[in-house]
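K.L.:
Got a structure for you, written out below as structure tokens; questions coming shortly.
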Amino acid sequence: MLTALIAFGILAAVIGLVLGFAAIRFHVESDPVVDQIDALLPQTQCGQCTYAGCRPYAEAMAAGEADINQCPPGGESTILALADLLGVDPKPLNPEHGEHGEKTVVIIDEQVCIGCTLCIQACPVDAILGAPKQMHTVITSECTGCDLCIPPCPVECIHVVPVKTTVRNWVWPKPDTASPEVSAHG
Amino acid sequence: MADSGTRFPRPQAALFSRLHTFHGGLQLPGHRDVTAATPIVPAGIPPLLILPLQQHIGEPAESRVGPGDYVYKGQTIAAASGPVSVPAHASSSGTVIAIEKRAVPHPSGLPADCIVIETDGRDCYQQADHAALDYRHTEPAELCALIRQAGIVGLGGAGFPTWVKLCNHSQRIALLLINAVECEPYISCDNRLLQERAAEVVEGVKILFHAVQPDACIIAIEDHMPQAEQALRTALDAANASGISVTRVPDIYPSGGERQLIRILTGREVPSQGFPADIGIICQNVGTAAAVYNAVVRRQPLLSRIVTVTGDGVAQPQNLEALLGTPVSHLIAAAGGYTADVDRLLIGGPMMGYTVHTDSIPVIKTTNCVLAVSRKEMPAPPPALPCIRCGKCTDVCPAELLPQQLYWYARSNNYDAAQDYQLFDCIECGCCAYVCPSHIPLVQYYRNAKAAIWTQEVQKKASDNARNRHEAKQLRLARIKQERAERMARKKQALSGDGGGKESRQAVIQAALDRVKRKQEQAGAAPKNVDNLTVEQQQLIDAADRRRRLQHPENKTTD
């Protein structure tokens, strides 16, 4: 009896030491939670969440200061992904921050632009090209649709346009899931 | 073939003599008897040619003409852009009247950029300045370039640029597989092509053989086309191409799928998300081989293709040779027009084709079939019923997937799980939906899920890009702020740092004078009025210099 206890005691101690050593020696640095949250955000840098960009919002969420439903461009899919990551219940988008709409970009009416560079300074992703007293234009492929350039424009020459569906970005429509096929499964 | 530069070794008979089977598949009614027995007829030159910039998989071509330009037949009107792209050519002579968005053959029904040519009916060729090429004495790389310039893509239906398949592989190619297996019902363009132009196909295969240099070459043909097989064998005998063999495969849909055909002939699997070249096989369609013959021997780019115009909705179902860009309405008219029964129009076969809502769309490089069906022969699908988990879809899936699982995941937008179940190995053959007793549009769920996943990936890339650009901007702003602060600090120090004593100010002035002096010396600045002096003038100057030195001995060196 005593021998068995001693034997198992020693065995437990040895295994414990090995596991403890392995935990330190083979420690894997996991992605900090802020990076993981930031990776899920749409990176429009629009500030609708009341933070200065996606990263500050991610930091606030990681610190428990911000809720997961403050990102209108991300919409429901982002909220679901965040809920999954942070282990909280999903909730509907907070309407205080805006509504989830289709993806848009801005264009500059080049006839009207006076070349004041205010929009260039406002653009968080350097998607506007121009110089003082020279016409500006939007690099549409880089525009995130944050609309931050619109308020500073003194001549209101920046307009929001929806991203057009073409044969290259078209998505096969999903079959009508409101059919009896679905109601039968719930 | 004694003088031939290419030797055709005997295929390794033991390797390919036994046929294998693939999982699942269906035996479908053929519906091709009429068209397979009717000769190919040229569809003629339509008044308008509509040539989309994208007629292939990959990047669209870039237009090289403008409205008002006269173009000759065979002229390059759009250049390849990017690594996976091919140029487009004018398929007849005429005037470019517009480059605009027009309806194109695409399941979305969305318009896309097209070059519209008003034909002049003369079909005037651009002056050909090159003679026929002897491919046997041409480098494979040069053949690939020719095939690329000719705008050739896979004519079987997918439209992958042929030169990429032929030339962009690191593997040694053991088998060149020529696909004449036209497994989808209704379609008979390859069948007719072989019956009428087997010699061209064989020459094309020999060119492909020379370009790829494989160990063996097999032309696979389905067992419902005996005349085509006979014609092919005769042509092979006549061409003395003994290294090329013909193998008959059973008529099971989709045995003409690249992966399924490779499975049948070699028993090997193309790796998931890989290419046949990964296992040393290249597969090309017979139509593509004929186009390669035209490109290399006749020096003609891809200007036309054979299209099966069929179904109960057309009066005279037949195969037509259509110039690329010919509107479908012109083909229908050439096939005797619509019948009273016509219900809808499909591009492609009944299994993999898609419904289009206008016949103003043009024939493009991948259009193998125009199918005008009556309500009787292809009724509208009945409403979908709940899945009863019968498993029939799994039994017929030629890719050995679990269509039912994929369906659940695709329907619930669980894309990760769908990918775990190898959604992207689905070839969208439609067998599962065909046998589904609940009429669930399974393939549409898969297509939707695939497109949604691609969209997500594009968005992910775009958001990563936006993050990088945002961080770069913030870094730049921080750097500028810091630089400005440093500059201000330096200035402040210069103004107030040393107490502003007279000596230090004197030193600053002296440094500035030195700087100016150095600059003048570097620029080679010298007094300009000292050339061509008379002796008296020189003496006066010397006297003045002496006086100055006596008065200001400390400036001696500044002279």
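One line per chain: the protein sequences are S and U, in this order. For the first sequence, this note's numbering gives the first residue as 10, with consecutive numbering after it. For the second sequence, this note's numbering gives the first residue as 1218, with consecutive numbering after it. Quick reminder that beta carbons are idealized off the backbone N, C-alpha and C, glycines included.
Looking at the structure shown, is U:Cys-1500 part of a helix, part of a strand, or coil, going by DSSP?
P.N.:
Within the second sequence, the letter at position 283 stands for residue 1500 of chain U. Strand, per DSSP.
K.L.:
Would you say S:Pro-184 reaches chain U, if we count a Cβ-Cβ gap shorter than 7 Å as a contact?
P.N.:
Working through the first sequence from its first residue, we reach residue 184 of chain S at position 175. So, interface residue.
K.L.:
For U:Val-1559, report the span of its beta strand (DSSP E) as first-last.
P.N.:
Reading the second sequence from its first residue, position 342 is the one you call residue 1559 of chain U. Segment 1559-1564, the beta strand (DSSP E) holding U:Val-1559.
K.L.:
Using DSSP with H/G/I as helix, E/B as strand and the rest coil, what is S:Lys-142?
P.N.:
As a first step, residue 142 of chain S must be located in the first sequence, where it is residue number 133. Note: S:Lys-142 maps to coil in three-state DSSP.
K.L.:
Answer yes or no: do U:Thr-1583 and U:Gly-1368 have a C-beta to C-beta separation smaller than 7 Å?
P.N.:
Residue 1583 of chain U sits at position 366 when you count from the first residue of the second sequence. Residue 1368 of chain U sits at position 151 when you count from the first residue of the second sequence. Going by C-beta atoms, U:Thr-1583 is not nearer than 7 Å to U:Gly-1368.
K.L.:
Our contact map puts U:Val-1319 next to U:Ile-1404 with C-beta atoms below 8 Å; I'd like the distance itself, whole angstroms only.
P.N.:
Here the question's residue 1319 of chain U lines up with position 102 in the second sequence. Here the question's residue 1404 of chain U lines up with position 187 in the second sequence. A small correction: the amino acid at residue 1319 of chain U is Arg; Val does not occupy that position in the sequence shown. The pair is not a contact, with the Cβ atoms about 25 Å apart (cut-off 8 Å).
K.L.:
For the region 1242-1258 of chain U and the region 1402-1421 of chain U, state whether three or more C-beta atom pairs, one from each stretch, are separated by less than 8 Å.
P.N.:
With a cut-off of 8 Å, the region 1402-1421 of chain U and the region 1242-1258 of chain U count as touching, because enough Cβ pairs lie within range.
K.L.:
Between U:Lys-1690 and chain S, is any beta-carbon pair separated by less than 7 Å?
P.N.:
In the second sequence, counting from the first residue as 1, residue 1690 of chain U sits at position 473. Yes - at least one Cβ of chain S is within 7 Å of the one on U:Lys-1690.
K.L.:
How is the alpha helix (DSSP H) around U:Arg-1696 delimited, first residue to last?
P.N.:
Position 479 of the second sequence, counted from the start, is the residue given in the question as residue 1696 of chain U. Segment 1659-1713, the alpha helix (DSSP H) holding U:Arg-1696.
K.L.:
Are U:Val-1418 and U:Val-1503 close, meaning C-beta to C-beta below 7 Å?
P.N.:
Counting from one through the second sequence, the residue named residue 1418 of chain U turns up at place 201. Counting from one through the second sequence, the residue named residue 1503 of chain U turns up at place 286. Taking 7 Å as the Cβ cut-off, U:Val-1418 and U:Val-1503 qualify as a contacting pair.
K.L.:
Taking CB distances under 7 Å as the criterion, tell me whether U:Asn-1396 reaches chain S.
P.N.:
Locating residue 1396 of chain U in the second sequence gives position 179, where the first residue counts as 1. Not an interface residue.
K.L.:
Can we say the region 1604-1620 of chain U touches the region 177-185 of chain S, given the rule of at least three CB pairs closer than 8 Å?
P.N.:
The region 1604-1620 of chain U, when compared against the region 177-185 of chain S, does not touch it at the 8 Å Cβ threshold.
K.L.:
Considering only DSSP beta bridges, list what U:Pro-1579 is partnered with.
P.N.:
Reading the second sequence from its first residue, position 362 is the one you call residue 1579 of chain U. U:Pro-1544.
K.L.:
Give, in chain order, every residue of the region 145-164 of chain S whose Cβ lies closer than 7 Å to some Cβ of chain U.
P.N.:
Cβ contacts with chain U come from Glu-151, Thr-153.
K.L.:
What is the rounded straight-line gap between the Cα of U:Trp-1671 and the Cα of S:Val-114?
P.N.:
Locating residue 1671 of chain U in the second sequence gives position 454, where the first residue counts as 1. Locating residue 114 of chain S in the first sequence gives position 105, where the first residue counts as 1. Taking the straight line joining both Cα atoms gives about 20 Å.
K.L.:
Using a C-beta to C-beta distance shorter than 7 Å, which residues of chain U count as neighbours of S:Gly-62?
P.N.:
In the first sequence, residue 62 of chain S corresponds to position 53, counting from 1. Neighbours of S:Gly-62 on chain U, chain order: His-1687.
K.L.:
Would a check of beta-carbon distances place S:Gln-201 closer than 7 Å to chain U?
P.N.:
This structure cannot speak to residue 201 of chain S, because chain S is shown only from 10 to 195.
K.L.:
Once DSSP output is grouped into helix, strand and coil, what is the label at U:Val-1733?
P.N.:
As a first step, residue 1733 of chain U is located in the second sequence; it is residue number 516 there, counting from the start. Reduced to three states, the DSSP call for U:Val-1733 is helix.
K.L.:
Does the distance from the C-beta atom of U:His-1656 to that of U:Ala-1601 stay below 7 Å?
P.N.:
In the second sequence, residue 1656 of chain U corresponds to position 439, counting from 1. In the second sequence, residue 1601 of chain U corresponds to position 384, counting from 1. Contact flag set, yes.
K.L.:
Please report the straight-line C-alpha distance between S:Arg-177 and U:Gln-1673, rounded to a whole angstrom.
P.N.:
Indexing the first sequence from 1 puts residue 177 of chain S at position 168. Indexing the second sequence from 1 puts residue 1673 of chain U at position 456. Rounded to the nearest angstrom, the two C-alpha atoms are 14 Å apart.
K.L.:
Note down the Cα distance separating S:Glu-119 from S:Leu-91, rounded to an integer number of angstroms.
P.N.:
On the first sequence, residue 119 of chain S is found 110 positions in, with the first residue counted as 1. On the first sequence, residue 91 of chain S is found 82 positions in, with the first residue counted as 1. S:Glu-119 and S:Leu-91: Cα-Cα distance of roughly 40 Å.
K.L.:
Going by DSSP, what residue range makes up the alpha helix (DSSP H) through S:Leu-94?
P.N.:
As a first step, residue 94 of chain S is located in the first sequence; it is residue number 85 there, counting from the start. Note, S:Leu-94: alpha helix (DSSP H), 84-95.
K.L.:
DSSP three-state label for U:Asp-1330, please.
P.N.:
Position 113 of the second sequence holds residue 1330 of chain U. In this structure, U:Asp-1330 counts as strand in the three-state DSSP scheme.
K.L.:
Looking only at C-alpha atoms, which of U:Ile-1523, U:Ala-1679, U:Ser-1387 sits nearest to S:Ser-150?
P.N.:
For this step, residue 150 of chain S is matched to residue 141 along the first sequence. Answer by Cα proximity: U:Ala-1679.
K.L.:
Tell me, please, whether the region 1541-1550 of chain U touches the region 1568-1588 of chain U by the rule of three or more beta-carbon pairs shorter than 8 Å.
P.N.:
Touching, yes, given that three or more Cβ pairs across the two stretches are closer than 8 Å.
K.L.:
Check whether the Cβ atoms of S:Ile-116 and S:Val-147 sit closer than 7 Å, and answer yes or no.
P.N.:
By one-based count along the first sequence, residue 116 of chain S stands at place 107. By one-based count along the first sequence, residue 147 of chain S stands at place 138. Cβ atoms of S:Ile-116 and S:Val-147: closer than 7 Å.
K.L.:
Between the Cα of U:Gly-1484 and those of U:Arg-1764, U:His-1237, U:Gln-1754, U:Gln-1768, spot the shortest distance and give me the residue it belongs to.
P.N.:
Your numbering for residue 1484 of chain U matches position 267 in the second sequence. For U:Gly-1484, the nearest C-alpha among the options comes from U:His-1237.
K.L.:
On the CB-based measure, 16 or more other CB atoms within 10 Å of its CB, does U:Asp-1330 come out buried or exposed?
P.N.:
Locating residue 1330 of chain U in the second sequence gives position 113, counting from the first residue. Its Cβ being crowded by 16 or more others within 10 Å, U:Asp-1330 is buried.
K.L.:
What's the gap between the Cα of U:Gln-1756 and the Cα of U:Arg-1763?
P.N.:
The residue labelled residue 1756 of chain U in the question sits at position 539 within the second sequence. The residue labelled residue 1763 of chain U in the question sits at position 546 within the second sequence. Rounded to the nearest angstrom, the two C-alpha atoms are 11 Å apart.
K.L.:
With a cut-off of 8 Å, do at least 3 Cβ pairs link the region 65-81 of chain S to the region 161-181 of chain S?
P.N.:
Too few Cβ pairs lie closer than 8 Å, so no.
K.L.:
Roughly how many angstroms lie between the CA atoms of U:Val-1422 and U:Asp-1351, to the nearest whole one?
P.N.:
Mapped onto the second sequence, residue 1422 of chain U falls at position 205. Mapped onto the second sequence, residue 1351 of chain U falls at position 134. Each residue's Cα considered, the two are about 14 Å apart.
K.L.:
Check each residue of the region 1584-1605 of chain U: if its Cβ is closer than 9 Å to any Cβ of chain S, include it; give the result in chain order.
P.N.:
Per Cβ criterion, the list reads Pro-1600, Ala-1601, Leu-1602, Pro-1603, Cys-1604.
K.L.:
What are the boundary residues of the alpha helix (DSSP H) that includes U:Cys-1586?
P.N.:
Walking along the second sequence from the start, residue 1586 of chain U turns up at place 369. Run containing U:Cys-1586: none in the alpha helix (DSSP H); it sits in the beta strand (DSSP E), 1586-1591.
K.L.:
If you draw a straight line from the C-alpha of S:Leu-28 to the C-alpha of S:Thr-12, how long is it?
P.N.:
On the first sequence, position 19 is the one that residue 28 of chain S refers to. On the first sequence, position 3 is the one that residue 12 of chain S refers to. The straight-line gap from Cα to Cα measures roughly 24 Å.
K.L.:
Per DSSP, which residues does U:Asn-1396 bridge with? Please list them.
P.N.:
Counted from its first residue, the second sequence places residue 1396 of chain U at position 179. U:Ala-1437, U:Asn-1502, per the DSSP bridge assignment.
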